[in-house]
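Chemist: Straight run, no breaks: the sequence shown in my numbering ends on number 409. Just so you know, even glycine gets a beta-carbon here, dropped at the ideal spot from N, CA and C. None of these values were measured; they are calculated from a predicted model. First the structure, which I've put down as structure tokens, then a few questions once you've had a look.
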Amino acid sequence: MTTTTAQNGIVVENLWDTKSGTFSADMLKLTAMITMLIDHIGAGILEHLIIRVPLSIETYEVLITIDQVLRLIGRIAFPIYCFLLVQGFLHTKSRWKYARNLLIFALLSEYPFDLIFSGGLDFSSSNVMFTLLIGLLTMWGIEKAGSKIFLQVLISVIGILIAAILHTDYSWMGILLILSLYFLRENRFWQCTISLILFFSALVFRSAGYYDSIWRSALRQLSSEYTLVFSFWMMYRYNGRRYLKRGKYLFYSFYPVHLLLLGAILKLILFMIL
Numbered sequence: 136m137t138t139t140t141a142q143n144g145i146v147v148e149n150l151w152d153t154k155s156g157t158f159s160a161d162m163l164k165l166t167a168m169i170t171m172l173i174d175h176i177g178a179g180i181l182e183h184l185i186i187r188v189p190l191s192i193e194t195y196e197v198l199i200t201i202d203q204v205l206r207l208i209g210r211i212a213f214p215i216y217c218f219l220l221v222q223g224f225l226h227t228k229s230r231w232k233y234a235r236n237l238l239i240f241a242l243l244s245e246y247p248f249d250l251i252f253s254g255g256l257d258f259s260s261s262n263v264m265f266t267l268l269i270g271l272l273t274m275w276g277i278e279k280a281g282s283k284i285f286l287q288v289l290i291s292v293i294g295i296l297i298a299a300i301l302h303t304d305y306s307w308m309g310i311l312l313i314l315s316l317y318f319l320r321e322n323r324f325w326q327c328t329i330s331l332i333l334f335f336s337a338l339v340f341r342s343a344g345y346y347d348s349i350w351r352s353a354l355r356q357l358s359s360e361y362t363l364v365f366s367f368w369m370m371y372r373y374n375g376r377r378y379l380k381r382g383k384y385l386f387y388s389f390y391p392v393h394l395l396l397l398g399a400i401l402k403l404i405l406f407m408i409l
């Protein structure tokens, strides 16, 4: 019993240092994976059922409420993935291998992504791995530009435009967040604070065209995106430690695998109901 308790304590400390109240990279990865899964259960399964299955008003309202909760939790995932991308870029031994891995899993993830969100191959949008790949290449280009400010700005704009043209998940807003986290990396407080403000502003700007005004859009985004604060709080409490040296490809493969599983579950549910 003592040995088991000690081992459990080590696991907890490796994820969350209770003495300093800080989180390891492993904790951030685990949080991002779990919250992404929760988000995709809502977006990939519940929202399809709400649209495609005849429901009573009571059932409809229950599913809408559950979906809203799942999506709120899911807002936590993407900023953490962007933060981990920046950390990985700064500390990786090989930028080429990092970019190669992102490209491979972006290609592997495209069909599962299209399957669950579009019902089949859909070239009008691309999965989030492409967003992260573009962000990595943009940071790499900026690093190569050195102290040439004009070239840094030009490369940043090109990265943002490529994501927008390819309609990657989170599009130009994702690249903006990655670049903000990268440029402000020397000061964790300002990195998290300014990046949160920029990212939230980008979300408001994107949705403003659908609503009457910027202010109404801001209030609507605030009600559906306020859990973003938790993401940036975890980044701020990041202690820079990483204990799990292996399992890198598990982290990559989780994205396409969980999408495939959710897609299969959705098809099974629809087959049984319709």
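Assuming the contact rule is C-beta atoms closer than 8 Å, Tyr373 and Leu150 should be a hit. Round their C-beta distance to whole Å, please.
Modeler: Taking a contact as a CB-CB distance under 8 Å, the pair Tyr373 and Leu150 does not count as one, their CB atoms being some 12 Å apart.
Chemist: Could you give the residue range of the alpha helix (DSSP H) that holds Pro214?
Modeler: Residues 212-226.
Chemist: Spatial neighbours of Phe248 within its chain, please: CB distance less than 7 Å, with the 5 preceding and 5 following residues excluded, ordered by chain position.
Modeler: Asn262, Leu394
Chemist: Please name the residue in Leu181, Ile192, Phe213 whose C-alpha comes closest to that of Ile169.
Modeler: Phe213
Chemist: Suppose the cutoff is 8 Å on Cβ atoms and the five residues either side in sequence are ignored; what does the same chain contact list for Gly398 look like?
Modeler: Gly179, Pro247, Leu250, Ile251
Chemist: Assess contact between the segment 313-328 and the segment 227-234, defined as three or more Cβ pairs (one per stretch) separated by less than 8 Å. Is contact present?
Modeler: no
Chemist: If we define contact as Cβ-Cβ less than 8 Å, is Thr200 a contact residue for chain B?
Modeler: Among the chains of the structure shown, chain B does not appear; only one protein chain is present.
Chemist: What does the alpha-carbon distance come out to for the pair Lys383 and Leu403?
Modeler: Distance between the alpha carbons of Lys383 and Leu403: 31 Å.
Chemist: Based on Cα-Cα distance, which residue from Phe365, Glu321, Gly309, Ser315 lies nearest to Leu338?
Modeler: Gly309
Chemist: For Ser261, which beta-bridge partners are listed by DSSP?
Modeler: Thr303
Chemist: Measure the Cβ-Cβ separation of Tyr387 and Phe240 and say whether it is below 8 Å.
Modeler: yes
Chemist: Give a yes or no on whether the C-beta atoms belonging to Leu333 and Arg210 are separated by under 8 Å.
Modeler: no
Chemist: Please say whether Met369 and Phe224 have beta carbons closer to each other than 8 Å?
Modeler: no
Chemist: Could you pull the start and end residues of the alpha helix (DSSP H) that Lys283 belongs to?
Modeler: Careful: Lys283 lies outside any alpha helix (DSSP H) and carries neither H nor E.
Chemist: Smallest Cα separation from Leu256: which of Leu242, Leu268, Thr266, Ile277?
Modeler: Leu242
Chemist: So the alpha helix (DSSP H) Leu363 belongs to, where does it begin and stop?
Modeler: 363-371
Chemist: Would you kindly report the start and end of the unbroken alpha helix (DSSP H) that includes Pro247?
Modeler: 230-253
Chemist: Suppose you measure from the CA of Ile349 to the CA of Ile215; what does that come to, to the nearest Å?
Modeler: About 26 Å.
Chemist: Between the segment 304-322 and the segment 262-281, do three or more beta carbon pairs fall short of 8 Å?
Modeler: yes
Chemist: So what's Thr157 in DSSP terms, helix, strand or just coil?
Modeler: strand
Chemist: Considering Leu394, what are the terminal residues of the alpha helix (DSSP H) in which it resides?
Modeler: 383-408
Chemist: Using CA atoms only, rank isn't needed, just tell me which of Leu181, Phe318, Thr266 is closest to Val288.
Modeler: Phe318
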